[in-house]
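Engineer: Using the UniProt record's numbering, the first residue of the sequence shown is number 1, and each one after it goes up by one.
Glycine included, every Cβ here is placed at the ideal spot set by N, Cα and C.
Values in this document were obtained by computation on a predicted structure and should not be read as measured data.
I'd like to ask some things about the structure below.
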Amino acid sequence: MEDNQLNKRVSNAIKWSSITQLIEKLIIPITNMILARILAPEAFGVIATITMIISFTDMFTDAGFQKYLVQHEFKSKHHKFQNANVAFWTNFLISLFLWAIISIFNEKIAIMVGNPGMGIVIIIACIQLPLTSFSSIQMALFRRDFDFKTLFTVRIISILLPFLVTIPLAFLGLSYWSLIIGSICAQFSNALVLTIKSNWKPKFFYDIKILKEMLSFSVWSLIEAIAIWLTAWIDALIIGFYLNEYYLGIYKTSTTMVNSLLAIITAAIIPVLFSTLSRLQNNDSEFRKVFFKFQKTISVFVFPMGVGVFLYSDFFTQILLGNQWSEASKVIGIWALTSAFMIVFGHPSSEVYRAKGRPKLSFMAQILHLIVLIPTCIISAQMGFWILVYARSLIRLQFIIVHILIMKIAIKIPISKMLNNVLPPIIAVLAMGMLGALLKGLNNNIWWTLLSMSICASFYIFVLLLFPQFRKELSGLKSQVRVKLGRSA
């Protein structure tokens, strides 16, 4: 009975998470398409450095408490809310402290990230720090309870705000200020709506004993988050230092666009995966079964998306960003290709470590990657922008090897089983890639591009269905749909 209830909650969570991501991934690219045609790459470069600072300080603001509240098994609802209060007040006080530090050393920080003269801009942008602390705890509690329906409402409000705030301000010539003001408004709306809808409300309660218990998990989660931040942002920091805002804008906007595109799949599934695995952390058999199911599902969709964007990067760049971003095409292509493999073999592994309450493993993976990544970025940046782009993208394959080895040694999940689990999608996407390369070489006409993309997608599905297991799963899915339609009738 408990398994059935968990399956229903997981299915419902995936439904609302998927709807949220579908709408988000339709609206955000449209927003970026408009802004990319109004604002210069340099403006996006400024925003990239500000986002880098905010994302770094946000890690200390949250201190890993979000993951603790999702993963931990509490004695009672009262005990859970006590922990939430301690997490909230700790987050809030840390955010005010960090904002004060940023305000005092604003110009030095601006110089360090390659944007001298932007000290005041950084101070104003970082007002988001205390706002984020208001929403992070509620968001964790909603995820823990699989209440992705409420998170859907919150997210939809925040992604619609750019049409009301950011885009009008950009048309008025406010450049990067339009993006900053839009982000502040989005964080304010998140904090307001989540606080109103949450059953838990902040109260004046604090317990050092609870804080110590939370920190025993969260300290490692925080250290892990710092390592993840370095992995995600060290390239941008190095570009800002060695090159300029233009190249930083080209690079970060391109990689962000690809990440947003592929997140149509991952952003809907990964949060649900973590919540589900956390509930099954003491049941190894079901834990592995769920992991393999999610990994296979992700691979079926992400592999063709990554290879497709790589093959047709010029087309996607023109559609998504416009003429002034033609240099972004190569960045988008190689990043999409390597991201597909990183998402399938790396992202689910990280969720496994955290769900098992072993964030040290994720930290170890990050450190082993950073040992190779940092010198690679520094050396390649001095050789030129494009050398860095390709070196940074390809070095992600080393990260995949690290994750696979940790999963085998520490989690006892065989490498062969992980590879066999996604072998059919790999074979299908390789066949699709060869066909796509052949079709692409015949003509550059936009109509032929659209037709050849459709042919590739159809061919991928055809090859995938040659495998009996996928025919069986498709048949089962059809049966479920018929049953649901019959019930609704």
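Which residue from W386, H78, E351, C456 puts its Cα closest to that of residue 490?
Structural biologist: With the chain represented from 1 up to 489, any question about residue 490 goes unanswered, as that position is not in the structure.
Engineer: Y353 lies in the alpha helix (DSSP H); which residues open and close that run?
Structural biologist: Indexing the sequence shown from 1 puts residue 353 at position 353. Element bounds for Y353: 347-355.
Engineer: Can you check whether the CB of T132 is closer than 8 angstroms to the CB of residue 494?
Structural biologist: One cannot answer for residue 494 here, as it falls past the ends of the chain, which runs 1 to 489.
Engineer: Give the C-beta separation of L170 and L39 to the nearest angstrom, bearing in mind that I take them to be a contact with Cβ-Cβ under 8 angstroms.
Structural biologist: Along the sequence shown, read from residue 1 onward, the residue named residue 170 stands at position 170. Along the sequence shown, read from residue 1 onward, the residue named residue 39 stands at position 39. For clarity, residue 170 is Ala in the given sequence; the question names Leu instead. At roughly 6 angstroms, the Cβ-Cβ gap stays under 8 angstroms, so A170 and L39 are in contact.
Engineer: Looking at C-alpha atoms only, which residue of I208, Y390, M305 is the closest neighbour of A87?
Structural biologist: Taking the first residue of the sequence shown as position 1, residue 87 is located at position 87. Out of I208, Y390, M305, I208 has the C-alpha closest to the C-alpha of A87.
Engineer: Please check the pair Q366 and I228, which I expect to be a contact at CB under 8 angstroms, by giving their CB distance rounded to whole angstroms.
Structural biologist: Counting from one through the sequence shown, the residue named residue 366 turns up at place 366. Counting from one through the sequence shown, the residue named residue 228 turns up at place 228. Their Cβ separation, rounded to whole angstroms, is 6 angstroms, which keeps Q366 and I228 in contact under 8 angstroms.
Engineer: Which first and last residues belong to the alpha helix (DSSP H) in which W386 is found?
Structural biologist: Counted from its first residue, the sequence shown places residue 386 at position 386. Note, W386: alpha helix (DSSP H), 385-394.
Engineer: Tell me the DSSP secondary structure of K412 in three-state form.
Structural biologist: As a working mapping, residue 412 is identified with position 412 in the sequence shown. K412: coil per DSSP, three-state reduction.
Engineer: From E286 to N421, what distance separates their C-alpha atoms?
Structural biologist: Position 286 of the sequence shown, counted from the start, is the residue given in the question as residue 286. Position 421 of the sequence shown, counted from the start, is the residue given in the question as residue 421. Going from the Cα of E286 to the Cα of N421 covers about 16 angstroms.
Engineer: In the DSSP assignment, find the alpha helix (DSSP H) that holds F363 and state where it starts and stops.
Structural biologist: The residue labelled residue 363 in the question sits at position 363 within the sequence shown. Looking at the DSSP string, the run of the alpha helix (DSSP H) that includes F363 is 359-381.
Engineer: Does DSSP classify W16 as helix, strand or coil?
Structural biologist: Walking along the sequence shown from the start, residue 16 turns up at place 16. Helix at W16.
Engineer: Specify, as a first and last residue, the run of the alpha helix (DSSP H) that N85 falls within.
Structural biologist: Sequence index remark: in the sequence shown, residue 85 carries index 85 (1-based). Where N85 is concerned, the enclosing alpha helix (DSSP H) stretches over 77-104.
Engineer: Can you tell which of Q128, R144, L194 has the C-alpha that lies nearest to the C-alpha of T153?
Structural biologist: By one-based count along the sequence shown, residue 153 stands at place 153. It is L194.
Engineer: For I400, does the three-state DSSP call read helix, strand or coil?
Structural biologist: Here residue 400 is taken as the residue at index 400 of the sequence shown, counted from 1. Three-state result, I400: helix.
Engineer: Rounded to a whole number of angstroms, what is the C-alpha to C-alpha distance between L439 and L451?
Structural biologist: Here residue 439 refers to the residue found at position 439 of the sequence shown. Here residue 451 refers to the residue found at position 451 of the sequence shown. For L439 and L451, the distance between alpha carbons rounds to 9 angstroms.
Engineer: Could you tell me whether the stretch 106-121 touches the stretch 140-159, where touching means 3 or more Cβ pairs closer than 8 angstroms?
Structural biologist: no
Engineer: In this structure, does DSSP put A40 in helix, strand or coil?
Structural biologist: The residue labelled residue 40 in the question sits at position 40 within the sequence shown. Reduced to three states, the DSSP call for A40 is coil.
Engineer: In this structure, does DSSP put W177 in helix, strand or coil?
Structural biologist: By 1-based counting over the sequence shown, the position of residue 177 is 177. DSSP places W177 in helix when its eight states are reduced to three.
Engineer: Which residue from G182, S136, K296 puts its Cα closest to that of S158?
Structural biologist: Along the sequence shown, read from residue 1 onward, the residue named residue 158 stands at position 158. Per the Cα distances, G182.
Engineer: Apart from the five residues on each side of it in sequence, which residues of its chain come closer than 8 angstroms, Cβ to Cβ, to Q469?
Structural biologist: Looking up residue 469 in the sequence shown gives position 469. Result list for Q469: P424, in chain order.
Engineer: Could you round the C-beta distance between L222 and M59 to whole angstroms and report it? I think they count as a contact, below 8 angstroms.
Structural biologist: Taking the first residue of the sequence shown as 1, we reach residue 222 at position 222. Taking the first residue of the sequence shown as 1, we reach residue 59 at position 59. Between M59 and L222 the Cβ distance is about 6 angstroms, and since that is below 8 angstroms, they are a contact.
Engineer: Ordered along the chain, which non-local residues of its own chain (more than five positions away) have a Cβ less than 7 angstroms from that of V481?
Structural biologist: As a first step, residue 481 must be located in the sequence shown, where it is residue number 481. Confidence at V481 is low in this model, with a pLDDT of 42, below 50, so the placement of that residue should be treated as unreliable; the coordinate-derived value is given next. Excluding sequence neighbours, V481 sits near nothing in its chain.
Engineer: Hey, could you find the ends of the alpha helix (DSSP H) residue 548 is sitting in?
Structural biologist: Since the first residue shown for the chain is 1 and the last is 489, residue 548 is missing from the structure and cannot be characterised.
Engineer: Does the beta-carbon distance from L337 to F301 come in below 8 angstroms?
Structural biologist: On the sequence shown, residue 337 is found 337 positions in, with the first residue counted as 1. On the sequence shown, residue 301 is found 301 positions in, with the first residue counted as 1. No; because the gap between Cβ atoms is not below 8 angstroms, this pair is not in contact.
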